[in-house]
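Residue numbers (the UniProt record's numbering): 1 to 301. Yeah, the Cβ is synthetic: ideal placement off N, Cα and C, and Gly gets one too.
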């Protein structure tokens, strides 16, 4: 009986060890949609090159989703190990399955803050110079799961315009991600659109970080073509999240790798973050409680 119990225990330990070993073979990275796929893959290639040795895996795979929800569903289903989300995207996961992922880090802006802004822009030659000029016109949002591109404008714009979004604007729609949304504003599909930026530095440069800055740096946007109409209150920077069921050793190695990245490879850090940041700081679910509550009250899970 004792021998049988010992053999059972040994077998169980072997299975646990095997599961942990399997966990270490491949590290799967989800990349949010809304930007040209080739650009996203190129920006994250440095992690494919560096992470295997740093965290002890055989392979790192990139999964660029068509939209935000593709990554969200991958994290909920346990088929992705790491992703960088907006706060609203994390809130959607939290409201569906609170223990699916762990937020571990977020970025720190060049002024030391851990937030950014929703930025509403219009074409400079449209004649639209202020929010009031948008009465009855068409507003574009970035993505239904975007914090700056949808949730925060939905919650905070009514105070600025003196009416619910649906009553003030003649029509609203989605641009298919931040980069695409801004391009659609430039094309005239939308009279204005909501994207994001650090709000630090100069608007003419696309600020120090965010979608506008990334587009400027890639040469696909001239800020002289746009005018800023509105800037939201400060929004918590989105989290780096990891699969909760990942083994603790990998979590610790990955977290340390990311914390060190701004110093060990500043170019890689800048590529995956898109702009100028000083580094990372630790966060947990409590940091995102205001956004979780706002999403639950406004658009639900």
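Three-state secondary structure (DSSP) of residue i
i	result
residue 195	strand
residue 150	helix
residue 70	helix
residue 239	strand
residue 164	coil
residue 13	Legend: pLDDT at residue 13 = 37, less than 50; position of this residue unreliable, value from coordinates given subsequently. In this structure, residue 13 counts as helix in the three-state DSSP scheme.
residue 59	strand
residue 158	helix
residue 105	strand
Residue interval of the beta strand (DSSP E) (run including residue i)
i	result
residue 281	279–282
residue 130	Premise fails: residue 130 is in no beta strand (DSSP E) and is neither H nor E.
residue 141	138–141
residue 25	Residue 25 -> no beta strand (DSSP E), and no H or E assigned at all.
residue 172	171–174
residue 84	82–84
residue 115	115–123
Integer Cβ distance of residue i from residue j, believed to fall under 8 angstroms
i	j	result
residue 140	residue 213	About 19 angstroms; that fails the 8 angstroms criterion.
residue 30	residue 243	About 10 angstroms; that fails the 8 angstroms criterion.
residue 172	residue 238	That pair is no contact at about 23 angstroms.
residue 196	residue 272	16 angstroms between Cβ atoms; not a contact.
residue 226	residue 130	Not quite, the Cβ-Cβ distance comes to about 14 angstroms (not below 8 angstroms), so this is no contact.
residue 110	residue 240	The Cβ separation is near 19 angstroms, so there is no contact.
residue 177	residue 142	6 angstroms
residue 179	residue 36	7 angstroms
residue 170	residue 137	6 angstroms
residue 65	residue 71	5 angstroms
residue 32	residue 68	5 angstroms
residue 292	residue 94	5 angstroms
Host alpha helix (DSSP H) of residue i (start-end)
i	result
residue 90	87–96
residue 50	37–55
residue 187	178–187
| message | Within 8 angstroms, do at least three Cβ pairs link the stretch 104–121 to the stretch 277–297? | response | These segments touch.
| Taking only runs of the beta strand (DSSP E) that begin and end inside the stretch 214–299, which ones reach a length of at least 3 residues, in chain order? | Those beta strand (DSSP E) runs which fall completely within the stretch 214–299 and span 3+ residues are 226–231, 239–243 and 279–282.
| message | Can you confirm whether the stretch 175–193 touches the stretch 70–89 when touching is taken to mean that 3 or more C-beta pairs between the two stretches lie within less than 8 angstroms? | response | no
| task | Would you check if there are 3 or more beta carbon pairs closer than 8 angstroms linking the stretch 223–239 to the stretch 111–118? | result | By the C-beta criterion, the stretch 223–239 is judged to be in contact with the stretch 111–118, since at least 3 inter-stretch pairs fall below 8 angstroms.
| query | Is the number of C-beta pairs between the stretch 245–259 and the stretch 143–162 that are closer than 8 angstroms three or more? | reply | Contact between the stretch 245–259 and the stretch 143–162 is absent, with fewer than three C-beta pairs closer than 8 angstroms.
| query | Between the stretch 252–271 and the stretch 151–164, do three or more beta carbon pairs fall short of 8 angstroms? | reply | Between the stretch 252–271 and the stretch 151–164 there are fewer than three inter-stretch CB-CB distances shorter than 8 angstroms, so the stretches are not counted as touching.
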